[in-house]
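J.: So that we are looking at the same thing, I have put the structure below in structure tokens.
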Amino acid sequence: MKKVLTLCMVLKDNQILLGMKKRGFGAGRWNGFGGKLEESEIVEDGALRELEEEVGIKASAMKKVGILDFSFENDPKILEVHIFKVLDYTGEPTESEEMRPQWFSFENIPFDQMWSDDIFWLPLLLKNKLFKGNFLFDRPSDAEYSAKIINQNLEEVLSL
């Protein structure tokens, strides 16, 4: 069973905007902005909506750069995450009930406080590569626990 999700990574002037997840899945970790699709919503529309809900900005230039499948040991569900790079937007990043945004330089991305897979695919995104892959974790990350990768496959692709 697949559940389709979105993830937007906002870039500007050699910086990346990450959000500290304040509640729910992945709380206590820095991440991009995104989430579940609403019924009959297409992936791009869901990405735009989640970005606006979580950090108060509207993407005006966005490109799909990756598709990653995430799963957890002893759980048949697969999370299919469509990853977008946001290159331009309107509005000012603003804290929401769910996320507290903060800019990080590319050299100071807090990988030790992010999901353990990010260190593998985020450098591809920053180098303008397209990618697909999958990661199997022991269990979800939270503020105290960093999910352990049991198995992974990641590759650059020419198209998505």
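Going by numbering that gives the first Met the number 0, the sequence shown opens with residue 0, and the numbers climb by one from there. All C-beta atoms, glycine included, are put in the ideal place defined by N, C-alpha and C. These numbers were taken from a predicted model, which means no experiment stands behind them.
1) Tell me Arg22's beta-bridge partners as DSSP assigns them.
2) From this set, Leu125, Ile148 and Lys147, which residue's C-alpha is nearest Ile108's C-alpha?
3) Looking at the structure shown, is Leu16 part of a helix, part of a strand, or coil, going by DSSP?
4) Please state if the CB of Ile148 and the CB of Asp116 are separated by a distance shorter than 8 Å.
5) Keeping to the same chain, check which residues put their C-beta closer than 8 Å to that of Pro75; ignore five residues upstream and five downstream.
6) Are the segment 122–138 and the segment 42–50 touching, with three or more C-beta to C-beta distances below 8 Å?
7) Strictly by DSSP, which residues pair up with Ile66?
8) According to the neighbour-count rule (16 or more other Cβ atoms, all chains shown, within 10 Å of its Cβ), is Pro122 buried or exposed?
9) Please go through the segment 86–134 and give each complete beta strand (DSSP E) segment of 3 or more residues, from N-terminal end onward.
10) Considering only C-alpha positions, which residue in the set Pro100, Glu38 and Thr89 is nearest to Lys20?
11) Given this structure, state the Cα-to-Cα distance separating Glu51 from Glu91, to the nearest angstrom.
T.: The short version:
1) Arg22 is not bridged to any residue.
2) Leu125
3) strand
4) yes
5) Met0
6) no
7) His81 and Lys131
8) exposed
9) 98–104
10) Pro100
11) 10 Å
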